[in-house]
Amino acid sequence: MKKWTRRAFIGAGVLAGGTLVIGIAIRPGNRSSKVAGLIASEGETVMNIWLKIAPDNTVTAIIPHAEMGQGVHTALAMMLADEMDADWSKVTFQEAPADKEYANFTLLKGFVAGNSTFPKFIDETIDGVFLTAVKTLNFQITGGSASVRFTGQQAMRIAGAAAKSMLMQAAADTWKVPTEELIAQNSIISHPSSKRSATFAELAPAAAKVTIPIQPKLKSPEEFNLMGTSQPRFDIPAKVTGEAKFGMDVQVPGMKYATIKAAPVFGSKVKSVDTKVSSSQPGVKKILNLGDSVAVIADGYWQAKTTLDSLPIEFEATENSGLNQDEIMDRYRKAMDADLADGNLDKHFKDGDATNALEQAATLVEAEYQLPFLAHATMEPMNCTAWVHDGKCEVWCGSQNPLGVKAAAAELLEIDIDMVTVHNQLLGGGFGRRSETDVMKQAILIAKEVDYPVKLIWSREEDTQHDVYREATISRMKAGLDQSGLPIAYTHQFIFKHHPPEAADIPYSIPNQLIQYSSPATFVPWGNWRSVDHSTHGFLTESFIDELAHAAKKDPFAYRKNLTKDNSRFQRVLDLVYEKSNWGSPLPPNWGRGIAIAQSFGSIVAEVAEVEVGIDGKVKVHRVVCAVDPGFAIHPDGFIAQMESGIIYGLAAAMTGEVTIENGAVVQSNFHNYPVTRMNEAPKIETHIINSGNPPGGAGEPSTPVIAPAVTNAIFDATGIRIRQLPISKNDLRASIRPTT
Amino acid sequence: MTSLTINGKEYGVDASADMPLLWVIREQCGLTGTKFGCGIAQCGACTVHIDGQPVRSCVTPAISAEGKNITTIEGIALDKNTLHIVQQAWIEEQTPQCGYCQSGQIMSAVALLNENPSPTDEEIDAAMSGNICRCGMYSRIKSAIHRASASLQTSNTL
């Protein structure tokens, strides 16, 4: 095996079957010939696995990510088309098939090795067994706010630039003119002085024969035509007519419907169920005991659901069957105490001698925070259609991880991975939930029992009670302030560290720090929840720094500004949010203003919330001002939409989001007891972007971590009550109990 | 066999007494634009019109709609090339994100504008708060309704 090089990435080849290609491989050898069969049809030229040019001069970007409303198909196509100087009206996209040629690993490690960060979130998403089996990493994931940052920067732009360079060279060779005299514009290459021009499609065959650029030159931001503009999104028209196809909408000839009830207590098994179908159950085809769940297959969802609901099912008791939320939190506390006493804490970060410095401090501030389990509650309940036949498996679903689905199917059925086809659909919300493969595995197990395709649909109740949850946590924080109110020591003991690994870091310059964590036993399944560990640490850090500012009798904005003096990006974001929010201007009685800032997924976001707390304790968030430095916003309108979305998602969690365990099972079941933000509760959101010229940061997640602390800091400003336990609805904020100032 | 009129077309369907209209529309008539979200009339994703009134099809027995005019998201455009003014406004405001709730949002918005062609923010809140959008695109939905309302004033057709 040759060494991986950039040269090897941009390699050329000719397809079998006579189709002329300019193949650009991503690994030694020509991989384009392998993927061409999957993506190209007769007469199309595969420029590389990231783009193809049709005879009618249409450029198609091949996007290896799932569309869940973040506009990824449009933004990535823009990045490719801009570098290529393609005519945007003739650019389209195709979602890449679930194939290992499109694995993010290849992209991130093999593509420009040494020049990329390998996001930690990917490690934990890989199916370990599969990993061992094929000795390679196969995943094609949409998550970690990574699509633009990694695929866009390191595949789309380079592919577009390489293609353009090869087309230019082909024109120069054909016309015997220097490339410097050529202009590429609107999918045409022209030579003005000789008035010659040719389309990309006309030049493609000749371009196949030219020397491949080892390092195609990328545009500088001043040269961008598409990047930085808000082109209408490809996915929107079909979403207003009802034509858009989500996993839920898949229709396969001969298909039946199934629904499922898993053991309410995680890890429990079915003790008894009668799987005989009776004549009083019209339309019911089969009742299946899957060990940890019971499924009913019927002609329609309704027959399946009503039959399932009427079945007497007994589940086995487990050691967790009597466990309640308070006991879970109590166990966490005891584990934290024990780990601290025994010196068993894992170190996250240490600088100086925080323990000693705390003793020297003029003022000591201590706080314990508690956060709840959270469900994802995507609009589209979990579902998957599967058909197992003739040694093959076909899966239709909306997945953030279609290759993971493919791997899971192959492993489950013990068949070769090439016998599995995944048809990825639009996602009715992902937020991390759709990076899991649990529902797909269930659908495959059900479909394996019959000879027709089956669409498995989870009820909303099943979706709420068998999610993978953002962890419930407890955090203990301490800081010592000197005479002037500046922090000289900071300690934080938290529980559960998932990723990103830096989430518990603080952006503030505090000389002595000790950040440690425990990993107590838990039986509640964990999953990626929008912004992952930043969703907890954003709240913890930004609540506690606010407490320090107030203990120091300093303005919370000025305090943050003072402690981030060395970070020019933070300074600019803070200044912008200060200005746009009219920080310090008077507010009506019972109103408050709160600020929070955090960096996550490469973007820095500050938010100021304006909140009214009624005398009855009811909280109304009126306005949120968001200032963000994402380095460069490729699609500004889409970026703003993502900021708004992340704020509303985080606000729903902050206000009322709480999953509780009773007798080992999730209590909440649907939107009536797991309420989310509705239009009448949504604040006015104003987003302001700083294009700082830094590498593009993420969009999908970074606005989420800061909204909860911005709101609770505002509540403190309004009422003098510090919220240390979420959701906010658990706190009594009535005027009668507020401290008098 | 029950006969339903959906978007002006007759469908013969097989619905038990309690079967919600939602599942008949989606599974038997193949009109998948109407979405399942919660099953208990909490989220609005399944909103359709019966004789012009918005209803949550997930809790409306199909047989109760017999003899009435049912309209789904697939039935509001004037024709294949002419979108409804509300759909057009939705595109102009680039409203949807994941899009799953949007059929229901649009059906609720159309019903609102039929009743009240120039709603205030508060009236929009009141009419639309039964429709959840987990992507949080409420401000765009509101802007799109105002835009549709403005188009209505000039075109005078809904």
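From first to last, the protein sequence lines are chains A and B. The numbering used here puts the first residue of the first sequence at 41, with every later residue one more than the last. The numbering used here puts the first residue of the second sequence at 4, with every later residue one more than the last. Virtual Cβ for every residue (Gly too), placed ideally from N, Cα, C.
The beta-carbon separation of I276(A) and Q97(B), rounded to 6 Å, stays under the 8 Å limit for a contact. Within the same chain, L385, D386, H388, Q533, F534, I535, F536, K537, A544 come within 8 Å of Y557(A) by CB-CB distance, once the 5 residues on both sides are set aside.
As the crow flies, the alpha-carbon of N97(A) is around 11 Å from that of T132(A). Here N119(B) is exposed: its Cβ has fewer than 16 other Cβ atoms, across all protein chains shown, within 10 Å. If you check each beta-carbon in the stretch 286 to 300 of chain A against every beta-carbon of chain B, the ones closer than 8 Å belong to F286, M288, D289, Q291, Y297.
Within the stretch 486 to 542 of chain A, the complete alpha helix (DSSP H) runs of at least 4 residues fall at 500 to 505.
DSSP, read as helix, strand or coil, puts H231(A) in strand. Among the bridge pairs identified by DSSP, A667(A) is matched with A646(A), H728(A).
Among the CB atoms of chain A, none fall inside 9 Å of the CB of T123(B).
Taking 8 Å as the cut-off between beta carbons, the residues of the stretch 38 to 57 of chain B near chain A are K38, F39, G40, C41, G42, I43, Q45, C46, A48, in sequence order. Checking the DSSP bridge columns, you'll see L466(A) partnered with F286(A). It is roughly 9 Å from the alpha-carbon of V699(A) to the alpha-carbon of R510(A). Inter-residue distance for A344(A) and S350(A) is about 10 Å (C-alpha atoms, whole angstroms). Residue-level contact check: R29(B) touches chain A, since one or more beta carbons of chain A fall below 9 Å from its beta carbon. Beyond the five residues adjoining it in sequence on each side, V707(A) comes within less than 6 Å, by CB distance, of T700 in the same chain, given in chain order.
Comparing alpha-carbon positions, the option among T727(A), T759(A), D615(A), A487(A) lying closest to M295(A) turns out to be A487(A).
S640(A) sits buried, since 16 or more C-beta atoms from the chains shown fall within 10 Å of its C-beta. The distance from the Cβ of A202(A) to that of P256(A) is about 4 Å, consistent with a contact at the 8 Å cut-off. For N720(A), the closest Cβ of chain B is nearer than 9 Å. Between G282(A) and L7(B), the C-beta spacing is not below 9 Å. Using a Cβ-Cβ cut-off of 7 Å, A80(B) is close to T281 of chain A, given in chain order. Secondary structure remark: continuous alpha helix (DSSP H) runs of at least 4 residues inside the stretch 652 to 717 of chain A, in chain order: 676 to 696.
Sorting A147(B), D17(B), C138(B) by C-alpha distance to the C-alpha of I88(B) places A147(B) at the top. The beta carbon of K601(A) lies closer than 6 Å to those of L614 in the same chain, with the five residues before and after it left out.
Taking 8 Å as the upper bound on Cβ-Cβ separation, chain B lies near residues A417, T418, M419, E420, P421 of the stretch 417 to 445 of chain A.
Contact check for P122(B) against S152(B) passes: the beta carbons are separated by less than 9 Å. DSSP places F584(A) within a helical segment (H, G or I) once states are collapsed to three.
The three-state reading of DSSP puts T752(A) in helix, counting H, G and I together. Exclusion of the five residues before and after V746(A) leaves G578, A636, A638, V645, E647 as the residues of its chain whose Cβ lies within less than 6 Å of its Cβ. Beta-carbon to beta-carbon, S776(A) and G686(A) are separated by about 35 Å, too far to satisfy the 8 Å threshold. Assigned with DSSP and collapsed to three states, D386(A) falls in strand. The C-beta of H712(A) comes closer than 9 Å to at least one C-beta of chain B. Y103(B) has a beta carbon lying within less than 9 Å of a beta carbon in chain A. Interface residue (Cβ-Cβ distance to chain A less than 9 Å): K12(B) is not classified as such. Under DSSP, C437(A) takes part in a beta bridge, and its partners are N464(A).
The beta-carbon distance between K285(A) and S333(A), rounded to whole angstroms, is 27 Å. This is too long to meet the 8 Å contact definition.
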